[in-house]
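**Student:** Before I ask anything, here is the structure I am working with.
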Amino acid sequence: MDFSFTPDQEALRSHVRALLDEVCPPEYAERCDREARPPREAYDALARQGWFGLIVPEEYGGAGGSAIELAILLEETGRHFEELAMWLFRTLTYGGYAVLRDGSKAQKETLLPKLLRGELSFCFGLTEPHSGSDAAALATRATRKGDGFVISGQKVFTSGMDISDYCLLVTRTTPGEKKQQGITNFLVDTKSPGIEIRKIETLGQRAIGTTQVFYNDVEVPGSAVLGEVDRGWEAVDSYLWYERLCLSAARTGAAMAAFDYALAYAKERKQFGRRIGEFQAISHKLADMKAMLDVAQMLVYRFAWLMTQGRATRHDAAVLKLTTGETYKAVSDMGLQILGGYGYCMEYPMQRFFRDSRLAVIGGGTSEIQRNIIARGLGL
Ligand SMILES: Cc1cc2nc3c(=O)[nH]c(=O)nc-3n(C[C@H](O)[C@H](O)[C@H](O)COP(=O)(O)OP(=O)(O)OC[C@H]3O[C@@H](n4cnc5c(N)ncnc54)[C@H](O)[C@@H]3O)c2cc1C
C-alpha cells in the first residue's frame, strides 16, 4: 500500500497552484462572489495552460491523466475558488468524460479539440421541479421529428446554463415500465431557439449560480443524442459517480482554505491578553477540523485510485460524497465561530465558505440520499 503521490503528480500540483496563486488570489474570488460575476479570466488562464486537456487521451491532444490527477487539479482549484472548480468540473465531466465515454466519433472530433482550447463550456440539466432526489422520475420529453427531436419541459438548478455552450440534458423519450427506462441524453446547444433561462437567487455560489430553464419545443438534430436512445440512465449514473469525485475534491480544497484562514486568525487574534488559539475551546475546534479534513482528503484519493482500478462502487461514492460534503459544512461553520463577530461580516471571507458549503450537503445528491445508499448496502 502506497499513499504517496508520484513526482509528476507533485509537480502537477505545484504548477496549478502557482498559476492559481497568480490568476485567482483570494481578493479575486471575493470580488467575483460579491459582484456575481463568473471567474472568466481565471477559467481562460487554466485553458491557456492546457488544464482542460488533463483527462483527455493523448490521441485527442490531451495529457491522458487519470482520476488521481483530476482530483489534484480540482482540489487545488477549489482551494483557490470553489466556483471556479465547479465551472471547470462541469466542463471536464459533461464535456470531457461524458463525450469520451459515450460520444460518437463525430462528437469527439468536433467537441474535444475545442474543449481542450477552453472554447467550450458545459453544464448538466437533470433536476426538475418535480424530480430532485428522485431524479429518474424526470418528465422533460424529447419526441422524434424527422431526423431530429423536439424537446419540451422544464429543468431547475441547471448551474451555469447562462455561461455554457452545451447542456448535457437528460430527457424522457419513451415511457418505460421502470422510471430508469426510456431515458435519452442530449448535448443541447444552449442558444437553441425555444430555450428560456431564468437566473435563481441563491444563498451561496453567487459568482456563477444556477438557473431554471424552460424548453419550449426546442428542435435538436439527431446528432445531438449522446449515447444510445432510450438507454441513457446507466450513463447518467456513471456521470454522477464522476461528479461525486470532482465535487468532493473541489470542496475538500475549499474546506482547506477555510481552515487555513481560521488557523491563521486564531494565531493572530488576542483576547484576555492571549492568542485565542491558546484557549482549548478554539484549539480543539481546529484539531477537529484538521482531523476531518485529513479523512476527507484520504477518501478523495482512495476513491480516485479505486476509479483508476475500475473498482469504485456505489457505496464508495456515497461515503465520499457524504463525508466530504459534511466536512466542508462543519469546517466552515466552526471557522466562522472562530472568527467571532468578524466571521459574520461580509468583509471577511469566512461567510462565503459558510454560504457556499451549505450546498455541499444538498447539490449532487443530498446527505440523506447518500445515507440511504450506504444503508441499502447494509441490507437495511
Ligand atoms: C445551487 C444549486 C445548484 C445545483 N446544480 C445542479 C445542476 O447543475 N444540475 C442539476 O441537474 N441539478 C443541480 N442541483 C440540484 C440538486 O442536485 C438537488 O437540489 C438535490 O438533488 C435535491 O433535490 P431537491 O432540491 O428537489 O430536494 P428534494 O428531493 O425535494 O428533497 C427535499 C428534502 O427531502 C429529503 N429527501 C428526499 N427524498 C428522501 C428520501 N428518500 N429519504 C430521505 N430523505 C429524502 C432530501 O434529502 C431533502 O432534505 C443544484 C441545486 C442547487 C441548490
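In the working numbering, the protein residues as written are 23 to 402. Backbone N, C-alpha and C fix where the C-beta goes; we use that ideal spot for every residue, glycine too.
Since residue 107 and residue 117 are thought to touch, with beta carbons under 8 Å apart, how far apart are those beta carbons, to the nearest angstrom?
**Tutor:** Mapped onto the sequence shown, residue 107 falls at position 85. Mapped onto the sequence shown, residue 117 falls at position 95. Not really, about 15 Å apart at Cβ, beyond 8 Å.
**Student:** Can you determine whether any heavy atom of ligand 1 sits closer than 8 Å to the C-beta of residue 181, and answer yes or no?
**Tutor:** Position 159 of the sequence shown holds residue 181. Yes - ligand 1 has a heavy atom lying nearer than 8 Å to the Cβ of residue 181.
**Student:** Strictly by DSSP, which residues pair up with residue 163?
**Tutor:** Here the question's residue 163 lines up with position 141 in the sequence shown. Answer by DSSP bridge pairing, in chain order: 174, 194.
**Student:** With respect to the alpha helix (DSSP H) encompassing residue 53, which residues constitute its N-terminal and C-terminal limits?
**Tutor:** Mapped onto the sequence shown, residue 53 falls at position 31. Per DSSP, residue 53 belongs to the alpha helix (DSSP H) from 48-57.
**Student:** Kindly list the residues whose CB is nearer than 8 Å to the CB of residue 140, restricted to its own chain and excluding five residues on each side of it in sequence; keep chain order.
**Tutor:** Residue mapping note: residue 140 aligns to position 118 of the sequence shown, counting from 1. Excluding positions up to five away in sequence, the list reads 65, 66, 68, 69, 70, 74.
**Student:** Leaving aside the five residues before and after residue 171 along the sequence, list all residues of the same chain whose C-beta is less than 6 Å from its C-beta, in chain order.
**Tutor:** Translated into the one-based positions of the sequence shown, residue 171 becomes position 149. Once the five neighbours on either side are set aside, the close Cβ partners of residue 171 are 164, 242.
**Student:** Which of the three DSSP states is assigned to residue 74 in this structure?
**Tutor:** In the sequence shown, the residue the question calls residue 74 occupies position 52. Looking at residue 74 - three-state DSSP - the assignment turns out to be helix.
**Student:** Taking residue 279 and residue 93 to be in contact with their CB atoms under 8 Å, please state how far apart those CB atoms are, rounded to whole angstroms.
**Tutor:** Counted from its first residue, the sequence shown places residue 279 at position 257. Counted from its first residue, the sequence shown places residue 93 at position 71. That pair is no contact at about 16 Å.
**Student:** Does DSSP classify residue 389 as helix, strand or coil?
**Tutor:** The residue you call residue 389 lines up with position 367 of the sequence shown. DSSP places residue 389 in helix when its eight states are reduced to three.
**Student:** In whole angstroms, what separates the C-alpha of residue 297 from that of residue 290?
**Tutor:** Counted from its first residue, the sequence shown places residue 297 at position 275. Counted from its first residue, the sequence shown places residue 290 at position 268. Each residue's alpha carbon lies about 6 Å from the other.
**Student:** Please classify residue 370: does DSSP put it in a helix, a strand, or coil?
**Tutor:** Taking the sequence shown and counting its residues from 1, the one referred to as residue 370 is at position 348. Coil at residue 370, not helix or strand.
**Student:** Assuming residue 233 contacts residue 162 (C-beta within less than 8 Å), just tell me the rounded distance between them.
**Tutor:** Translated into positions along the sequence shown, residue 233 becomes position 211. Translated into positions along the sequence shown, residue 162 becomes position 140. With a Cβ gap of about 15 Å, residue 233 and residue 162 do not count as contacting.
**Student:** In its own chain, which residues sit with a C-beta less than 6 Å from the C-beta of residue 372, not counting the 5 before and 5 after it?
**Tutor:** In the sequence shown, residue 372 corresponds to position 350, counting from 1. Correct list, in chain order: 357, 358, 361, 365.
**Student:** Assign residue 282 to buried or exposed, taking buried as 16 or more other Cβ atoms, counted over all protein chains shown, within 10 Å of its Cβ.
**Tutor:** Taking the first residue of the sequence shown as 1, we reach residue 282 at position 260. With fewer than 16 Cβ atoms within 10 Å of its Cβ, residue 282 is classed as exposed.
**Student:** Please look up how many angstroms separate the CB atoms of residue 217 and residue 235, rounded, as I've assumed it's under 8 Å.
**Tutor:** Residue numbering aside, residue 217 sits at position 195 when the sequence shown is read from its first letter. Residue numbering aside, residue 235 sits at position 213 when the sequence shown is read from its first letter. Correct: roughly 7 Å between the Cβ atoms.
**Student:** At which residue ranges does the segment 257-341 contain complete alpha helix (DSSP H) runs of 4 or more residues, listed in the order of the chain?
**Tutor:** Whole alpha helix (DSSP H) segments, 4+ residues: 302-330.
**Student:** Count the other CB atoms, across all protein chains shown, that sit within 10 Å of the CB of residue 238; report buried if there are 16 or more and exposed otherwise.
**Tutor:** If you number the sequence shown from 1, residue 238 lands on position 216. Label assigned to residue 238: exposed.
**Student:** Rounded to whole angstroms, what's the CA-CA distance from residue 210 to residue 226? Just pull it up for me.
**Tutor:** Numbered from 1 along the sequence shown, position 188 holds the residue referred to as residue 210. Numbered from 1 along the sequence shown, position 204 holds the residue referred to as residue 226. Rounded to the nearest angstrom, the two C-alpha atoms are 27 Å apart.
**Student:** Whole angstroms is fine: what's the gap from residue 255's alpha carbon to residue 202's?
**Tutor:** Numbered from its first residue, the sequence shown carries residue 255 at position 233. Numbered from its first residue, the sequence shown carries residue 202 at position 180. Residue 255 and residue 202: Cα-Cα distance of roughly 6 Å.
**Student:** How would you write the range of the alpha helix (DSSP H) that residue 97 sits in, first residue to last?
**Tutor:** On the sequence shown, position 75 is the one that residue 97 refers to. It spans 89-102 - the alpha helix (DSSP H) in which residue 97 sits, taken as one unbroken run.
**Student:** Assign residue 30 to buried or exposed, taking buried as 16 or more other Cβ atoms, counted over all protein chains shown, within 10 Å of its Cβ.
**Tutor:** Along the sequence shown, read from residue 1 onward, the residue named residue 30 stands at position 8. Answer is exposed; the Cβ neighbour count stays below 16.
**Student:** Rounded to a whole number of angstroms, what is the C-alpha to C-alpha distance between residue 383 and residue 374?
**Tutor:** The residue given as residue 383 occupies position 361 in the sequence shown. The residue given as residue 374 occupies position 352 in the sequence shown. Cα-Cα distance, rounded: 16 Å.
**Student:** How about residue 267 and residue 322: are their beta carbons less than 9 Å apart?
**Tutor:** For this step, residue 267 is matched to residue 245 along the sequence shown. For this step, residue 322 is matched to residue 300 along the sequence shown. For residue 267 and residue 322, yes; Cβs fall inside 9 Å.
**Student:** Among 40, 240, 224, which one has its Cα closest to the Cα of residue 213?
**Tutor:** Residue mapping note: residue 213 aligns to position 191 of the sequence shown, counting from 1. The shortest Cα separation from residue 213 among 40, 240, 224 belongs to 240.
**Student:** From the DSSP output, which residues share a beta bridge with residue 207?
**Tutor:** Indexing the sequence shown from 1 puts residue 207 at position 185. In DSSP, residue 207 forms a bridge with 192, 248.
**Student:** Report back the beta-carbon spacing between residue 82 and residue 130 to the nearest angstrom; my notes put them in contact at under 8 Å.
**Tutor:** For this step, residue 82 is matched to residue 60 along the sequence shown. For this step, residue 130 is matched to residue 108 along the sequence shown. Rounded, the Cβ-Cβ distance is 7 Å, consistent with contact.
**Student:** Quick one: Cα of residue 398 to Cα of residue 262, how far?
**Tutor:** Here the question's residue 398 lines up with position 376 in the sequence shown. Here the question's residue 262 lines up with position 240 in the sequence shown. In a straight line, the C-alpha of residue 398 is about 18 Å away from that of residue 262.
**Student:** Whole angstroms are fine: how far does the CA of residue 347 sit from the CA of residue 315?
**Tutor:** Position 293 of the sequence shown, counting from 1, holds the residue named residue 315. Position 325 of the sequence shown, counting from 1, holds the residue named residue 347. Rounded to whole angstroms, residue 315 to residue 347 spans 11 Å at the Cα level.
**Student:** So what's residue 218 in DSSP terms, helix, strand or just coil?
**Tutor:** Residue numbering aside, residue 218 sits at position 196 when the sequence shown is read from its first letter. Here residue 218 sits in strand by DSSP.
**Student:** For residue 202, which three-state DSSP category applies?
**Tutor:** The count along the sequence shown starts at 1 and reaches residue 202 at position 180. Here residue 202 sits in coil by DSSP.
**Student:** Counting only beta-carbon atoms, is residue 319 nearer than 9 Å to chain D?
**Tutor:** The structure shown contains no chain D, having only a single protein chain.
**Student:** Taking Cβ to Cβ, would you say residue 121 is nearer than 9 Å to residue 151?
**Tutor:** In the sequence shown, residue 121 corresponds to position 99, counting from 1. In the sequence shown, residue 151 corresponds to position 129, counting from 1. No, Cβ-Cβ distance for residue 121 and residue 151 is not below 9 Å.
**Student:** Terminal residues of the continuous beta strand (DSSP E) containing residue 242?
**Tutor:** As a first step, residue 242 is located in the sequence shown; it is residue number 220 there, counting from the start. Looking at the DSSP string, the run of the beta strand (DSSP E) that includes residue 242 is 232-242.
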